[in-house]
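Inspection log for the structure reproduced underneath, given as structure tokens.
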Amino acid sequence: MAESHDQKIDYFQSLTNWTDRQNVAKFLKMYEWDLKVHKSQLLQYIDSNIIGKNIRVNTPWGSRKMIYADYTASGRGLTFIEHYMLNHVLPYYANTHSENNACALQTTKFREGARTLIKRYVNGTDDDVVIFTGSGSTAAINKLVNVLQLKEEKVRSKTVVFISTFEHHSNILPWKETGVEVIRIPNNKQGLIDEDFLQNRLKYYHDEGKKHIICSFSAASNVTGIQTDVDRVSKLVHQYNGWIFWDYAAAAPYVKIDMNPPKFAYKDAVFISTHKFVGGPSTPGILIAKKKLFTNPVPSDVGGGTVNFVTRTHTEYVQDIEAREEGGTPNILGAIRAGLVFHLKESVGCHTIETRENALVEKFFARFRNHPKVFVLGSSTAPRLGIFSFLIYVPFLHKYLHHNFICVLLNDLFGIQVRSGCSCAGPYVLDLLNIDDQTADIYTKFITADENGRLNEMPKVELMKPGFTRFNLSYFASDEEVDYILNAVEFIANDGWKFLSLYTYDIKTAVWRPRTIPSGKHFYQHHSLQTITYQNGTMEENNGQQQVELLNTNVPRLITNLSSSDDPIEEAKSMANNIPKYVYENVDFRTDPPLNVPDKYKDFIWFVTPKDIIRKMVIDYERSQESYSKPEPFRPRMDN
19 MAESHDQKID YFQSLTNWTD RQNVAKFLKM YEWDLKVHKS QLLQYIDSNI
69 IGKNIRVNTP WGSRKMIYAD YTASGRGLTF IEHYMLNHVL PYYANTHSEN
119 NACALQTTKF REGARTLIKR YVNGTDDDVV IFTGSGSTAA INKLVNVLQL
169 KEEKVRSKTV VFISTFEHHS NILPWKETGV EVIRIPNNKQ GLIDEDFLQN
219 RLKYYHDEGK KHIICSFSAA SNVTGIQTDV DRVSKLVHQY NGWIFWDYAA
269 AAPYVKIDMN PPKFAYKDAV FISTHKFVGG PSTPGILIAK KKLFTNPVPS
319 DVGGGTVNFV TRTHTEYVQD IEAREEGGTP NILGAIRAGL VFHLKESVGC
369 HTIETRENAL VEKFFARFRN HPKVFVLGSS TAPRLGIFSF LIYVPFLHKY
419 LHHNFICVLL NDLFGIQVRS GCSCAGPYVL DLLNIDDQTA DIYTKFITAD
469 ENGRLNEMPK VELMKPGFTR FNLSYFASDE EVDYILNAVE FIANDGWKFL
519 SLYTYDIKTA VWRPRTIPSG KHFYQHHSLQ TITYQNGTME ENNGQQQVEL
569 LNTNVPRLIT NLSSSDDPIE EAKSMANNIP KYVYENVDFR TDPPLNVPDK
619 YKDFIWFVTP KDIIRKMVID YERSQESYSK PEPFRPRMDN
């Protein structure tokens, strides 16, 4: 009979004074194997407990199992965490800020326990505070900007802020809007922070001695997943007496966060978007920072819970930083849930996550590194998370598939949930797409309009905004799910252009839809709060889900028994083969909305339109039919 985990631990303890190293080594190997089995089981447990794991979504081409590949934007709920919240937290729920009744005391203990767990897992000390903020890293960054009082001229004029090219808008705009001097540190050839340039700027401002240095960098890009060596850069910044802040919005669910590693690699502050963790929906942002930063005499957000006493003429604020910077009734349940998801991450182990992430990155690049139609953004050799942003090239037209179309097609054909756009990292995306400022200004004219929908006589065409499609491969996903996602992306890279003929677009919103679905209509099942009723004395959803506007009679059926197949990839292949004939016989592109792009800007149209594809298909189909119908002028005699 196999030994239990506890038996193996007892065995190990019995060997502590034994000199037989061979037996010790044998045990260690057995214990390591046991840990691997435990971790594997835990990953399967997480995957199987994703809320909505087995739901199906309606698409124009039938029902599809939903596959979620958008964890970079937001995590998904976990059944076992929500069960804990339902069975252990909510029964005792009350407001915090009191310990004089049982429920308030228990809720306070839960919330402060979450804070303690998080602080422990990031190697926090008594010099660090953990502050629950509002909306992700965005709220955490804004909180610290306000704490630093940068909007005050006497502080602002003596401060310089360095940001990297990676930065999300949330780590650009809060600094810029204070009016402080902001310097953008470029990347090196590998796509990492150019540390030589950074050191040059650090030395300049340090030696000048007129401004205090703040560096606020991303630990990993939410576009490419490329990681920064946070400890090395932290040491460099501290050599010049600067403060180093790290935005862990994209990285926190996957990497170790260490506030206090040896020597000078400590972090002055980190920003965390806990909602991006698996199990993290509805959790608040988190600011973890050194106490020395909080010199503001008045809390950044004054209100209930921030004061000891208020009279008609006097206000005394509490001295405890965590209390004074969390004014008002907090997101209590979210903070408790944040503690649970941090505990889950720690239980999985950062080494386990890193090992799996590295394997997924290598698997992706083995498939797409040399694919002629897939342009993956960012270096393939830099250390990175399993976050991938890409464009699909259509070589015979020298243009790209629109990123929103790719996003829609992954949903419609395969049920895969991904994201498209610029991921709120506009400057970095312009770098990655190799778009200079002059070209960017032209595209800006199409997406910025006045109240009449025009700017400088240019019509608003949101469709012209460049972007990419992004997905991630989660460390707990099964190999089968990972392969399915990669197979779907590869199919669209090879044959996705054919499906353009079946879709159309809205130039103002850049939304794509099947051309047989009227504008403003949809085919997705959805619930609505407006359907809830209590007319029978209990909560009911009137008519359940709203009617699905699938328009079955209008959506083309391009393969036989479409809904009976269990393999969406094979269905898509069959559909792709049947599209040319269907388009030739049924599709009229003359009603497609015009792009309204002035002639002098025609060369800036970067994406393939349905009209481009339909024309090609009609011509190619006619030629193929001619070759079939016309007999050859002669046929050689075949003698035996």
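So in our numbering, spot 527 of the sequence shown is number 545, and the numbers just go up one at a time.
By construction, the Cβ of each residue, glycine as well, lies at the ideal position given by its N, Cα and C atoms.
All figures in this text were calculated on a predicted structure; none of them were measured in a lab.
Could you say which of Arg641, Lys207, Tyr111 lies nearest to isoleucine 350 if we only look at CA atoms? Taking the first residue of the sequence shown as 1, we reach residue 350 at position 332. If you compare the alpha carbons of Arg641, Lys207, Tyr111 with that of isoleucine 350, the shortest gap goes to Tyr111.
So is cysteine 121 buried or exposed if we call it buried at 16+ other beta carbons inside 10 Å? As a first step, residue 121 is located in the sequence shown; it is residue number 103 there, counting from the start. Exposed is the call here.
Please specify which runs of the alpha helix (DSSP H), each continuous and at least 4 residues long, are wholly inside the region 418-463, giving them in chain order. Taken in chain order, the unbroken stretches of alpha helix (DSSP H) that lie wholly in the region 418-463 and span 4 residues or more are 421-432, 444-450.
Quick test of your reading: proline 302 and glycine 152, contact by CB under 8 Å. State the CB separation rounded to the nearest angstrom. By 1-based counting over the sequence shown, the position of residue 302 is 284. By 1-based counting over the sequence shown, the position of residue 152 is 134. About 6 Å separates the two Cβ atoms, so the contact holds.
Contact set for isoleucine 577: own chain, Cβ-Cβ below 7 Å, skip 5 residues either direction: Start at 1 with the first residue of the sequence shown, and residue 577 comes out as number 559. Below a pLDDT of 50, predicted positions are generally treated as unreliable, and isoleucine 577, at 49, falls in that range; the measurement from the model is reported next regardless. Only Glu589, Ser592, Met593, Asn596 meet the Cβ criterion.
Can the beta-carbon of proline 192 be found closer than 9 Å to that of asparagine 160? Here residue 192 refers to the residue found at position 174 when the sequence shown is read from its first residue. Here residue 160 refers to the residue found at position 142 when the sequence shown is read from its first residue. One thing to note: proline 192 has its Cβ within 9 Å of the Cβ of asparagine 160.
Select from Val178, Ile136, Phe215, Leu254 the residue whose C-alpha is nearest the C-alpha of phenylalanine 282. Locating residue 282 in the sequence shown gives position 264, counting from the first residue. For the residues Val178, Ile136, Phe215, Leu254, the minimum Cα distance to phenylalanine 282 belongs to Leu254.
Among the candidates Ile354, Val615, Ala157, Pro279, whose CA atom is the shortest distance from the CA of serine 291? One-based indexing of the sequence shown puts residue 291 at position 273. Of Ile354, Val615, Ala157, Pro279, the residue nearest in Cα terms is Ala157.
Taking C-alpha atoms, which residue in Cys442, Pro484, Ile410 lies nearest to tyrosine 461? Counted from its first residue, the sequence shown places residue 461 at position 443. It is Pro484.
Quick one: what does DSSP say phenylalanine 45 is sitting in, helix, strand or coil? By 1-based counting over the sequence shown, the position of residue 45 is 27. Confidence at phenylalanine 45 is low in this model, with a pLDDT of 45, below 50, so the placement of that residue is unreliable and no value is reported for it.
Quick one: is the Cβ of tyrosine 222 within less than 8 Å of any heavy atom of the ligand NAD? As for the ligand NAD, it is missing from this structure, which has no ligand bound.
Taking the beta carbon of aspartate 286 as the centre, do at least 16 other beta carbons fall within 10 Å, making it buried, or is it exposed? Looking up residue 286 in the sequence shown gives position 268. Buried is the call here.
Does the Cβ of alanine 268 have 16 or more other Cβ atoms within 10 Å, making it buried, or fewer, making it exposed? Along the sequence shown, one-based indexing puts residue 268 at 250. With 16 or more other Cβ atoms from the protein chains shown falling within 10 Å of its own Cβ, alanine 268 counts as buried.
Under a three-way DSSP split, which group does glutamine 62 fall into? Position 44 of the sequence shown, counted from the start, is the residue given in the question as residue 62. Of the three classes helix, strand and coil, the one that applies to glutamine 62 here is helix, per DSSP.
Cβ separation of arginine 374 and tyrosine 493, assumed to be a contact under 8 Å, to the nearest whole Å: In the sequence shown, residue 374 corresponds to position 356, counting from 1. In the sequence shown, residue 493 corresponds to position 475, counting from 1. Rounded, the Cβ-Cβ distance is 4 Å, consistent with contact.
Between which two residues does the alpha helix (DSSP H) harbouring glutamate 499 extend? The sequence position of residue 499 within the sequence shown is 481, counting from 1. Counting along the chain, the alpha helix (DSSP H) containing glutamate 499 begins and ends at 497-513.
Locate the alpha helix (DSSP H) running through asparagine 160, then write down its first and last residues. If you number the sequence shown from 1, residue 160 lands on position 142. Secondary structure note for asparagine 160: its alpha helix (DSSP H) is the uninterrupted segment 154-165.
For a test of the three-state rule: what should DSSP assign to tryptophan 193, helix, strand or coil? Looking up residue 193 in the sequence shown gives position 175. DSSP, read as helix, strand or coil, puts tryptophan 193 in helix.
DSSP on aspartate 585, reduced to helix/strand/coil? Position 567 of the sequence shown, counting from 1, holds the residue named residue 585. Three-state DSSP puts aspartate 585 in coil, outside helix and strand.
Endpoints, alpha helix (DSSP H) assigned at glycine 357: By one-based count along the sequence shown, residue 357 stands at place 339. From DSSP, the alpha helix (DSSP H) with glycine 357 extends over 350-366.
Between which two residues does the beta strand (DSSP E) holding alanine 287 run? By one-based count along the sequence shown, residue 287 stands at place 269. Looking at the DSSP string, the run of the beta strand (DSSP E) that includes alanine 287 is 287-291.
Best match in Asp454, Thr627, Lys308 for proximity to aspartate 144 [C-alpha to C-alpha]: Taking the sequence shown and counting its residues from 1, one reaches residue 144 at position 126. Measuring C-alpha to C-alpha distances from aspartate 144 to each of Asp454, Thr627, Lys308 identifies Lys308 as the nearest.
What does the alpha-carbon distance come out to for the pair asparagine 141 and leucine 362? As a first step, residue 141 is located in the sequence shown; it is residue number 123 there, counting from the start. As a first step, residue 362 is located in the sequence shown; it is residue number 344 there, counting from the start. Rounded to whole angstroms, the gap between the alpha carbons of asparagine 141 and leucine 362 is 16 Å.
For glutamine 167 and valine 173, I'd like the C-alpha separation in whole angstroms. Along the sequence shown, read from residue 1 onward, the residue named residue 167 stands at position 149. Along the sequence shown, read from residue 1 onward, the residue named residue 173 stands at position 155. Roughly 7 Å between the two C-alpha positions.
For the beta strand (DSSP E) containing leucine 305, list its first residue and its last residue. In the sequence shown, the residue the question calls residue 305 occupies position 287. Start and end: 303-308.
Rounding to the nearest angstrom, what Cα-Cα distance links glutamate 372 and valine 273 in this structure? Against the sequence shown, residue 372 aligns to sequence position 354. Against the sequence shown, residue 273 aligns to sequence position 255. Cα-Cα distance, rounded: 7 Å.
Enumerate in chain order the residues of its own chain whose CB-to-CB distance from valine 200 is below 7 Å, with the five nearest sequence positions on each side excluded. The sequence position of residue 200 within the sequence shown is 182, counting from 1. Val179, Ile181, Trp193, Lys194.
In the structure shown, what three-state DSSP assignment does alanine 238 receive? Within the sequence shown, the letter at position 220 stands for residue 238. It is a strand residue.
With 16 other CB atoms within 10 Å as the buried threshold, where does tyrosine 552 fall? For the purposes of this step, residue 552 is taken as residue 534 along the sequence shown, with counting starting at 1. Tyrosine 552 should be labelled exposed.
What are the boundary residues of the alpha helix (DSSP H) that serine 252 is part of? Within the sequence shown, residue 252 is the residue found at index 234, counting from 1. Annotation: the continuous alpha helix (DSSP H) that includes serine 252 extends over 248-257.
Arginine 641 to leucine 427, Cα distance in whole Å? Position 623 of the sequence shown, counted from the start, is the residue given in the question as residue 641. Position 409 of the sequence shown, counted from the start, is the residue given in the question as residue 427. Rounded to whole angstroms, arginine 641 to leucine 427 spans 28 Å at the Cα level.
Among the residues of its own chain, which have a CB less than 6 Å from the CB of phenylalanine 295, if the five just before and after it don't count? As a position in the sequence shown, residue 295 is number 277, starting the count at 1. So the qualifying residues of the chain are Gly93, Pro271, Val359.
Along the beta strand (DSSP E) that carries threonine 77, what are the first and last residues, could you check? As a working note, residue 77 is residue 59 in the sequence shown. Here the beta strand (DSSP E) through threonine 77 covers 74-77.
Could you tell me which residues DSSP puts in a beta bridge with glutamine 245? Taking the sequence shown and counting its residues from 1, one reaches residue 245 at position 227. Checking the DSSP bridge columns, you'll see glutamine 245 partnered with Ala238.
What residue from Val601, Ile262, Ala237, Thr609 has the CA that sits closest to isoleucine 631's CA? Your numbering for residue 631 matches position 613 in the sequence shown. Checking every option, the nearest Cα to that of isoleucine 631 belongs to Val601.
Is it buried or exposed for lysine 176, if we count other Cβ within 10 angstroms and need 16 for buried? Locating residue 176 in the sequence shown gives position 158, where the first residue counts as 1. Result: exposed.
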